[in-house]
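Contents: one structure, followed by commentary.
There are 2 protein chains.
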Amino acid sequence: MTSASLIRRADMDFLLLDWLGADRLAEIPRFSDLSRETLAALLDLSETVASRHFLPHYKTADVQEPSLDESGVHILPEIGVALSAYAEAGLFGQSFSYEHGGMQLPLTVAAASFAHFLTANIATAAYPMLTVANARLLTTFGGEALVDALARPEIEGRYFGTMCLSEPQAGSSLADITTRAVADGEDGLGRRYRLSGNKMWISGGDQDASENICHLVLAKIPGPDGKLIPGTAGISLFAVPKTLVAPGVFAGERNDVVVAGLNHKMGYRGTANCLLNFGEGQRHRPGGAAGAVGYLVGEPGQGLAIMFMMMNEARLQVGLGAAMLAYRSHRLSVAYAGERAQGRPRGVMPDTRPIPIARHPDVKRMLLAQKSYAEGAVALVLYCFHLADLAEAAEDAEARQLLDLLTPVAKTWSSEWGLVASDIAIQIHGGYGYTRDFDVEQLYRDNRLNPIHEGTTGIQAIDFIGRKLIRDKGEAFTLLLSRIDATIARGAASAALAETGRVLNMARAAMADMVRELIADPAGTGAMDNATAVLTAFGHLVAGWLWLDQALAAEAARDRLPTEFVDGKVATARYFAAYELPKIPGWLSPLRAAPLLLSEVNAELF
Amino acid sequence: MTSASLIRRADMDFLLLDWLGADRLAEIPRFSDLSRETLAALLDLSETVASRHFLPHYKTADVQEPSLDESGVHILPEIGVALSAYAEAGLFGQSFSYEHGGMQLPLTVAAASFAHFLTANIATAAYPMLTVANARLLTTFGGEALVDALARPEIEGRYFGTMCLSEPQAGSSLADITTRAVADGEDGLGRRYRLSGNKMWISGGDQDASENICHLVLAKIPGPDGKLIPGTAGISLFAVPKTLVAPGVFAGERNDVVVAGLNHKMGYRGTANCLLNFGEGQRHRPGGAAGAVGYLVGEPGQGLAIMFMMMNEARLQVGLGAAMLAYRSHRLSVAYAGERAQGRPRGVMPDTRPIPIARHPDVKRMLLAQKSYAEGAVALVLYCFHLADLAEAAEDAEARQLLDLLTPVAKTWSSEWGLVASDIAIQIHGGYGYTRDFDVEQLYRDNRLNPIHEGTTGIQAIDFIGRKLIRDKGEAFTLLLSRIDATIARGAASAALAETGRVLNMARAAMADMVRELIADPAGTGAMDNATAVLTAFGHLVAGWLWLDQALAAEAARDRLPTEFVDGKVATARYFAAYELPKIPGWLSPLRAAPLLLSEVNAELF
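Chains A and B, in that order, give the protein sequences. Under this note's numbering, the residue at position 175 of the first sequence is numbered 177, and the numbers go up by one with no gaps. Under this note's numbering, the residue at position 327 of the second sequence is numbered 329, and the numbers go up by one with no gaps.
Here you go:
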């Protein structure tokens, strides 16, 4: 079943139609124009544009990194060409409303399209990812003038967007940012401020492929005493264009935003990652004064709350990117293992021909593990986008609860296990996989970023335990359990999957017991100290559930689907139950056996 | 306890003296000159040479890769300078007998010295590693003339050595090599052959730093029908010098060995890795004829058996290399986490100063995990070298049994978990760790080779289950259990470690039950299919045992050692029992729950 396409259409069709029933989103008024035909056409278009324009420069962009000179950052010209093609196909606008010049498609469908670009070339795809999330924030929270001036050109793909949160001294800890925003009157775009400070790790922070760049910047407005308010409460959000656009005021002037340096990364190199200085007042002085001109989005002090919208979308997109790198790592491994002949089955004489390594049990184990992580992660993230569609377009409160619960899981499980899938790809390729002649080496390096950016695994875990489990006393978790139970109940009727359901039910019970205990006694179980272990275990439970659910959906469609396809889903669900779910008790063990160990260990002993 | 030294002397002194009692090797006649003073002087020298000559070009060698032109391979000049310093210090000869011009030191001591070079710059250290293992094979199995002509200059550090096993079509499957060796008379160096064939993945296959290169090459001598014998039985071993040295015959002529290409690797880049063509007869024709001149080592058909000596040494060295990359990854992480301030303890107000991230529980968890893998792997490998000294110099039969059992563990556990330690180092460094400005990114890429070369993890696992567990019906395993039980018995008397011993005893019981079952019924438990899972579980049991043993030794020496040092060992042993040993049942689960799943899965379904 290996094919030359970036994404096997059968995989995506199954997930979207047979499993999620995404075509039924057409029942929601906003998506009433959606049809199977529009969906098929969009996926065709995505496969074509991604194959023709994103994939060919995958390795080139790894070798020819962005460069910086007096005029700014220069990126590989092929990236600009690819993004023009992406814009010309209207793909920036997929999920935006007709009113904003978009296609008004569900997020689920836009994600299925975007998956092609992520798997082909994640570093090039990062530009539209950030641009779309940026424009969505502006269309949701920005005034009409800002939308017209910045979001619309982003939706057309003429302007690109960034998110400027971290600073050199404040990575995970946004409470400690020191970028200042001082009121500077008002103009046609709204309440104007002058910003000064340094922002670190800004992907797409500068490039020479778009007409303009809209930075969304977190900064603090000083109080009457000139001091910044400690903590996150004092954070506000500003739209800071690279080139100013307010009609009649500074229009066409370069804003006081300067690239102070480029980060040279392990992978993901096509995405220019910058240290930006705002308000230096040296090279650019809009209107003759220092300070980067920015426009308040929302109200003062709401910055972080608003930015969470973009962060949550970006987290799902990071999960999707990790999943699609894992997916490509898996497909390349399947192709290699099917061709590379090495060794013989046990007991077969050495004068026979060697067999493809895909037939060796240990290689099958690695391929099954990859498939379970890669296709499992794609399913998990698409499930979350589907929840987002139901939550936003159909105001489904349960979908909102589940989405909030699962967002850190979709980000983290996909990043952590997607990376393992890429690591396994190197191992399956052996020495060849360790060379730069094969893509899997780069896929690993690209994927290594995903457990770090948009909130590290440790940060996601604290969010998950604190905000998603303990704060609502397990309400969303209980809701999720009812969905898991429904799948287990259906599984009991399947001869091939009843045992899988039984194992899943045991994992579900272990997790439910643990969550009950840790909500009742967070301190006694070391719940916050062991947040990562809990998120890891929970992620595997969710993945195991979705695998059983996928396998049941495949079995139900057995008359329409190729036999190998259905068998592959069933075998992977069985693999996951046999090899992966039994890991859960071990991960949870310290919460009962040694809950206080981490707190007790003195950091001086290292 | 962070220091600027490559290896904290306290760490090495503890392992060598307090834990292993390596100074007592002086009781063995071969090592009667060994003293604590010579050991200390050797470690001082190693730290100095490694810091001055190996560490400074660590990054340079990553960027300026080996290049190939008509004259051969050129490596970074600093590598040659470093290796000259290594030779001048006499370090090539550490473990060789006085008779061969060596220092006649135990392998354990030589490993402790070599650890400094591996941690400083593994790619440069690969040249002496291969050279020493090559010379040891020659001094053990080669005739006196070969020893004089090739091994002695290697022991002096003038010639370097390689091992030529794999071919492009035969990586893990040596049975399928097709390099041919045809008899070509005899000369002063012994039985001469002419070799032709291609060898792939040859580390140090060519370079411009040594006077000559001795390739040890596996090849097949055709039968009377001109055909090669299938399988490994037909493999013989040949010493093939780059420049011929047989007195009076071809001396000084270039042998018919040509570099056909360089592999461009993910990491480990300072080590030139070559595709070598033997016997092309184009550029070099020694004595006017095609065919690389090689000298038979041992008898025809013994090639693989003899080569296993070099492979076993190389496997321990790979384990040591992985351990030392993990060790440096950990030390750099400790330093970074102690300096990088970010966030506050739970419940502390945001107007206080941020704390070093080493004080956050999740970061402590990562530092403990790293320490357990890094120092655990160093201990495991040194333990194996100590067994090798006892087996070889004291003819200790139990030590031989344990060494055979533990060699695949030392190679695999160190490679797999050492790599995790390097991965965690990137995570602890956050975005900074993902940039090439910090060494941890390169340490990861360098370390990624270790689970692949000298036998992949899957190959080690098959060796472990088939040759080390099932073939001797668990005899060596039972012997090891008695050593584990002795440690557990000692642990019961320690207040701080009794619980750790109890957890270890449970893991020991789970493993012992499983090994009994799989020896009794290999097919029914899917033992060979699940070899990797068994080796993974067994490796963790061994590591947990050695951690308890280390912690007990540290406690016993509490009056002489710094408190933080002892507490660090005890905390890490407790961490390993609480967080790592509980993973074992999950890994072993499929052998009972789904033993035949991998065999049943059809490779076509991917």
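Where a beta carbon is used, it is the ideal one built from N, C-alpha and C, also for glycine.
Cβ-based neighbour list, residue i, same chain, cut-off 8 Å, excluding 5 preceding and 5 following
| i | result |
| --- | --- |
| Leu8 (chain A) | Glu49, Ala52, Ser53, Leu57, His118, Thr121, Ala122, Arg330 |
| Leu382 (chain B) | Gly321, Ala325, Leu408, Val411, Ala412, Trp415, Ser416, Val544, Ala545, Leu548 |
| Leu500 (chain A) | First, the residue type needs correcting, since residue 500 (chain A) is Ala and not Leu in the sequence shown. Cβ within range, chain order: Gly493, Ala494. |
| Ala339 (chain A) | Pro358, Ile359, Ala360, Val365, Leu369, Ile430 |
| Pro232 (chain A) | Ala177 |
| Met14 (chain B) | Leu45, Ala114, Ala117 |
| Asp441 (chain B) | Tyr60, Lys61, Arg330, Leu334 |
| Asp425 (chain B) | Tyr446 |
Cβ-based neighbour list, residue i, same chain, cut-off 6 Å, excluding 5 preceding and 5 following
| i | result |
| --- | --- |
| Ala316 (chain B) | Ala135, Glu456 |
| Thr565 (chain B) | none |
| Leu277 (chain B) | Met202, Ala262, Gly263 |
Cβ-based burial, residue i [other Cβ within 10 Å; buried from 16]
| i | result |
| --- | --- |
| Ser73 (chain A) | exposed |
| Gly296 (chain A) | buried |
| Gly345 (chain B) | buried |
| Pro249 (chain A) | exposed |
| Tyr100 (chain A) | exposed |
| Glu80 (chain B) | buried |
| Arg194 (chain B) | buried |
| Gly290 (chain A) | exposed |
| Met351 (chain B) | exposed |
| Ser174 (chain B) | buried |
| Val65 (chain A) | exposed |
| Ser5 (chain A) | Confidence at Ser5 (chain A) is low in this model, with a pLDDT of 47, below 50, so the placement of that residue is unreliable and no value is reported for it. |
| Ala379 (chain A) | buried |
| Gln284 (chain B) | exposed |
| Glu169 (chain B) | buried |
| Pro2 (chain A) | No statement about residue 2 (chain A) is possible, as the shown extent of chain A runs from 3 to 608 and does not include it. |
| Ser212 (chain B) | buried |
| Gly570 (chain A) | buried |
| Lys470 (chain A) | buried |
| Phe240 (chain B) | buried |
Nearest-angstrom Cβ-Cβ length linking residue i and residue j, presumed shorter than 8 Å
| i | j | result |
| --- | --- | --- |
| Ala556 (chain B) | Leu384 (chain B) | In fact, because the Cβ distance is near 15 Å, the residues do not count as touching under 8 Å. |
| Ala580 (chain B) | Ala42 (chain A) | Not really, about 52 Å apart at Cβ, beyond 8 Å. |
| Thr62 (chain B) | Leu78 (chain B) | 6 Å |
| Ala605 (chain B) | Lys366 (chain A) | 6 Å |
| Phe567 (chain B) | Ser374 (chain B) | Contact flag wrong, Cβ pair sits at about 15 Å. |
| Tyr161 (chain B) | Leu167 (chain B) | Actually they do not touch by this definition, with Cβ atoms about 20 Å apart. |
| Ala307 (chain B) | Asp406 (chain B) | Going by Cβ atoms, the distance from Ala307 (chain B) to Asp406 (chain B) rounds to 14 Å, so no, they are not a contact pair. |
| Pro130 (chain A) | Phe94 (chain A) | 6 Å |
| Arg576 (chain A) | Leu599 (chain B) | 6 Å |
| Glu443 (chain A) | Gly435 (chain A) | 6 Å |
| Arg138 (chain A) | Gly103 (chain A) | Between Gly103 (chain A) and Arg138 (chain A) the Cβ distance is about 13 Å, and since that is not below 8 Å, they are no contact. |
Neighbourhood of residue i by C-beta distance below 7 Å, restricted to the same chain and skipping five residues each side
| i | result |
| --- | --- |
| Ala24 (chain B) | Leu18, Pro108, Thr110, Val111, His388 |
| Asp391 (chain A) | Leu27, Pro108, Leu109, Thr110 |
If you measure beta-carbon to beta-carbon, which residues of the stretch 528-555 of chain B are closer than 9 Å to chain A?
Under the 9 Å Cβ criterion, the stretch 528-555 of chain B contributes Gly528, Met530, Asp531, Asn532, Ala533, Thr534, Ala535.
Output, in sequence order along the chain, the residues in the stretch 343-357 of chain B whose CB is closer than 7 Å to any CB in chain A.
Gln344, Gly345, Arg348, Pro352, Asp353, Pro356
Within the stretch 443-508 of chain B, note down every full alpha helix (DSSP H) run reaching 4 residues or more, in order along the chain.
459-465, 477-493
List in chain order: all unbroken beta strand (DSSP E) runs of 3+ residues lying wholly within the stretch 50-122 of chain A.
69-71, 74-76
At a CB distance below 7 Å, what residues from the stretch 260-280 of chain A approach chain B? Give them in sequence order.
Asn265, His266, Lys267, Met268
In chain order, what residues of the stretch 574-589 of chain B put their CB closer than 9 Å to some CB of chain A?
Thr574, Arg576, Tyr577, Ala579, Ala580, Tyr581, Glu582, Leu583, Pro584, Lys585, Ile586, Pro587, Gly588, Trp589
Unbroken alpha helix (DSSP H) runs of length 4 or more, entirely within the stretch 125-164 of chain A: which are they?
154-157
To be precise: take each residue of the stretch 192-214 of chain B, compare its Cβ to all Cβ atoms of chain A, and keep it if any distance is under 8 Å. Which residues remain?
Met202, Trp203
Jot down the residue ranges of each uninterrupted alpha helix (DSSP H) in the stretch 363-396 of chain A, minimum 4 residues, whole runs only, in chain order.
363-395
My parser needs the alpha helix (DSSP H) runs of 4 or more residues fully inside the stretch 538-603 of chain B; what are they?
Within the stretch 538-603 of chain B, the alpha helix (DSSP H) runs of at least 4 residues that lie entirely inside it are, in chain order, 565-577, 586-595, 599-602.
Relative to chain B, which residues along the stretch 558-570 of chain A have a C-beta separation below 7 Å, given in chain order?
When C-beta distances to chain B are compared with 7 Å, the residues of the stretch 558-570 of chain A below that value are Glu566, Asp569, Gly570, in chain order.
Residues in the stretch 165-176 of chain B with C-beta within 9 Å of chain A's C-beta atoms, listed in sequence order?
Ser168, Gln171, Ala172, Gly173, Ser174, Ser175
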